[in-house]
Amino acid sequence: MRQLWVILLLMVVCSQGEKKDDPRFMFRCFLFPGKLKQVDAWQGKVYGIDLDNLPNRLVGKCWSPLDGQMKHITVGPAGVWATDLKNNIYNLEEDNWVQIPGTLQQVDAGGTGFLTGVKSCHRAFCADISVSSKQNLGWTLIPGKLQYYSCGPQTCWGVGEAGEVYVQTGVHAGDCAGKFGMVETKVPMAKVEVGSNGAVFALSSSGVPYQRVGISEERPLGTGWVRLHGLEAIRSLSYDRYILWLVNYTGQIRRCIKVIRK
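Numbered per mature numbering (1 follows the signal peptide of the UniProt record, and there is no 0), the sequence shown spans residues -17 to -1, 1 to 245.
Written as structure tokens, this is what we have:
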């Protein structure tokens, strides 16, 4: 069957605080085969949860199902992790799910040497997996009330109960708590995701995607948010190697390539 590719151009327009010397860019998006409700990518590896709660791994252009029924999956330096419909935690080892003691509603493996996640009542935790056995993780409580939490190479970002955005700097194996602070946002956010290179994207409570601009080693918090125009409401996103993966509320998947405008 002939594959139908749909191309969209998402123009990025500054919503607040963008520096004048920030390059303008756009994402060239293609409709990708399959349907998902959640996606996560790291170093070329892409995983997702389909509409039947089945975990999948991307092999070429095809989704290969894994065992079990999960509601959230993550891939990163900490490996592949997931939570099931009862909030049980699993780690993927040689294509087999191994249950880990404890419960999480959402889990993230983007940190180097540590795992993070959100439990019930908006309580966020992190655990050092560089020295601890996976079967005996020591969880550290993160300050504040967070409904979503994601980590990258140098920072972790979270969304609070009212849609406010928080960032933790100085996180690393041995100190996954770091230094906690708030980042200004004029719209309430629902999710925030940190890419494999430290790029930060967020989804508003209405499903509008944003990118945090101006992030550098000197300014890990960045300088402002830019809105990605040209899309319907987005349910899940992930960024890796200049590729932005988007999933809308009907399950459609888009693979978007970042292009610098001349």
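Each residue gets a CB set at the ideal place from its N, CA and C atoms; glycine is no exception.
Quick caveat, the model's predicted, so the values are computed rather than measured.
Secondary structure at residue 159, three-state DSSP: helix, strand or coil?
-> coil
By Cβ distance, which residues of its chain are closer than 7 Å to residue 5, with the 5 residues on each side in sequence left out?
-> Per-residue confidence for residue 5 stands at a pLDDT of 45, beneath the threshold of 50, marking its modelled position as unreliable; no derived number is given.
Considering only C-alpha positions, which residue in the set 50, 92, 58 is nearest to residue 29?
-> 58
The segment 72 to 82 in contact with the segment 123 to 131 per 3-pair CB rule at 8 Å | Under the 8 Å Cβ criterion, the segment 72 to 82 does not count as touching the segment 123 to 131, having fewer than three qualifying pairs.
Return helix, strand or coil for residue 186, following the three-state DSSP convention.
-> strand
Does the segment 114 to 123 touch the segment 170 to 177, meaning 3 or more C-beta pairs lie closer than 8 Å?
-> no
Reference residue 162, options 63, 225, 127, closest by Cα = 127
Sub-9 Å separation of residue 154 and residue 97 beta-carbons = yes
Closest Cβ-Cβ distance between residue 81 and chain B: below 9 Å?
-> Absent from the structure is chain B; it holds one protein chain and no more.
So what does DSSP say about residue 117, is it helix, strand or coil?
-> helix
Can you tell me where the beta strand (DSSP E) with residue 54 in it begins and where it stops?
-> 53 to 59
Looking only at DSSP bridge pairs, what is residue 214 linked to?
-> The partner list for residue 214 (beta bridge, DSSP) is empty, contrary to what the question assumes.
Sequence-distant residues of the same chain with beta carbon closer than 6 Å to residue 166, five excluded per side = 148, 150, 204
Which of the three DSSP states, helix, strand or coil, is assigned to residue 219?
-> strand
How would you write the range of the beta strand (DSSP E) that residue 110 sits in, first residue to last?
-> 107 to 111
For residue 139, which residues does DSSP report across the bridge?
-> Beta-bridge pairing links residue 139 to 134, 151.
Counterpart residues of residue 23 in DSSP-defined beta bridges = 30
Where does residue 47 sit, in a helix, a strand or coil, going by DSSP?
-> strand
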